Amino acid sequence: MAVTGGADTPVRVSPLGRKPSFVLIAAIVIAALLAIPVYAETPEEKAARILRHVDDMWRGASSHGRISMQVKTRNYTRSMKMEVWS
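The sequence shown begins at 2 in the working numbering and counts up one residue at a time.
Given below as structure tokens:
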């Protein structure tokens, strides 16, 4: 859309006026607000998360153990040994 100025020079006017800059600023503000985390972790939840992580780290992916057991009664004594993997 062209409008003639005072010296017969065409001046271009946006059909939306100032709305593009307002829309741009509004989009930036909304994006900034969405970037802020809505959920904040409480100290108790943070401590529980850290302890779970440490427990998982110490547990490892596999384990190995040797177990022995001895049973004694009046009539007999028995012992058993086992080796386990997981």
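The beta carbon of each residue, even a glycine, is placed where N, CA and C say it ideally should be.
Because the structure is a prediction, the values reported are computed rather than measured.
Annotated three-state conformation of residue 37 is coil, per DSSP. The beta carbons of residue 47 and residue 67 sit no closer together than 9 Å. Going by DSSP, residue 67 is part of the beta strand (DSSP E) stretching over 65-73. The C-alpha of residue 75 lies about 20 Å from the C-alpha of residue 69. Excluding residues up to 5 positions away in sequence, 69, 70, 71 and 72 lie with their Cβ nearer than 8 Å to the Cβ of residue 80 in the same chain. For residue 80, the three-state secondary structure derived from DSSP is strand.
Beta-bridge annotation (DSSP): residue 85 is paired with 66.
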